[in-house]
Structure formats: structure tokens, C-alpha cells
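What follows is the structure, given as C-alpha cells:
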């Protein structure tokens with residue numbers, strides 16, 4: 001049986017202009033259905049692109065080099081960012097607080113989140129070891145003086 005010859009129409013195509021080129025990676029924001037993150041090896045910023053409207057915003061660090069990879073946690077709570085410098089940043093998506101690790105044995109070249117999103121494993125270009133960063137919930141005291149996690 002021959003597959004039908006179906007071609008999408010020109011009206012199905014959408015072009016979104018981004019402010020930086022080339023684009024080296026795009027990933028869906030796992031907390032929404034219409035937003036992607038895009039990065040360029042020529043920029044230290046991460047572009048946030050609303051694919052339904054074409055609007056583009058950006059965030060990121062001014063130091064650490066240019067972005068090489070972004071790795072969202074499975075549940076979207078955290079976003080790990082690898083840079084050309086020996087730096088990894090992890091953003092907490094609830095408040096966009098950033099944690100930074102520098103002085104790595106070469107730049108980080110690969111990373112993966114655990115299924116629970118509480119551990120980031122990564123490898124650097126000048127080491128044969130895997131490194132793990134564990135994230136634990138800190139106890140917070142609410143306005144009544146009660147510990148919360």
C-alpha cells in the first residue's frame with residue numbers, strides 16, 4: 001500500500017525571528033505547552049520563545065561564557081545551563097533563583113537530571129569522572145514559626 005502524498009500547505013508554516021544566530025539547541029518548556037527555550041553558542045543568554053505569539057524574551061548570566069546546552073529537569077522545576085567557561089548554573093523555575101558551580105575540571109560537556117529532578121549528573125571535558133549535584137529541600141519557617149519543607 002502506497003502512502004498518500006500529503007504535503008503541508010504554506011499556511012501551516014510559522015517563522016519566528018530570533019535575535020541571535022545560529023541556534024544550537026531548542027527545548028520545550030516542560031511547564032507550559034507553547035514556550036520553548038533556545039540557545040546560541042554566540043550568546044550567554046537563553047531565549048524564551050512563545051511559539052503561539054512569536055514573542056521572544058531572554059534571561060541569563062553576564063559571566064561564565066556562552067551557553068552550550070540547557071537541560072530542563074523532567075518536571076520542569078529546574079533548568080541546568082552549561083557554558084563555554086568552566087561553569088554550570090541551575091535555575092529554580094519557581095523563583096528564577098540561580099545557583100552557580102565554577103572551577104570545574106574543564107567545561108561541562110554533558111548532563112542529565114535524575115528522574116526525580118533532585119540530582120544533576122554531569123561530565124567535564126578534562127575528566128573521566130561523573131559528578132553529581134544533589135538538591136535537597138531546605139526547611140523554611142513560616143510566619144507562625146513552624147518548620148515547612
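Residue numbers (this note's numbering): 1 to 149. Note that the Cβ used here is the ideal one computed from N, Cα and C, for glycine as well.
Residue i vs residue j beta-carbon contact at 7 Å
i	j	result
residue 102	residue 87	yes
residue 34	residue 50	yes
residue 71	residue 123	no
Inter-residue spacing [alpha-carbon to alpha-carbon] between residue i and residue j
i	j	result
residue 121	residue 14	36 Å
residue 81	residue 89	5 Å
residue 66	residue 18	17 Å
residue 119	residue 131	10 Å
residue 28	residue 36	4 Å
residue 128	residue 95	34 Å
residue 109	residue 69	8 Å
residue 11	residue 93	35 Å
Closer than 6 Å: residue i CB and nearest the ligand NAP heavy atom
i	result
residue 121	Inclusion of the ligand NAP in the displayed structure is not the case, the ligand content being empty and no account of it being possible.
Exposure of residue i, with buried meaning 16 or more beta-carbon neighbours within 10 Å
i	result
residue 38	buried
Same chain, Cβ closer than 6 Å to residue i, five either side skipped, listed in chain order
i	result
residue 30	72 and 76
Expected contact under 8 Å - CB spacing of residue i and residue j to nearest Å
i	j	result
residue 8	residue 24	That pair is no contact at about 26 Å.
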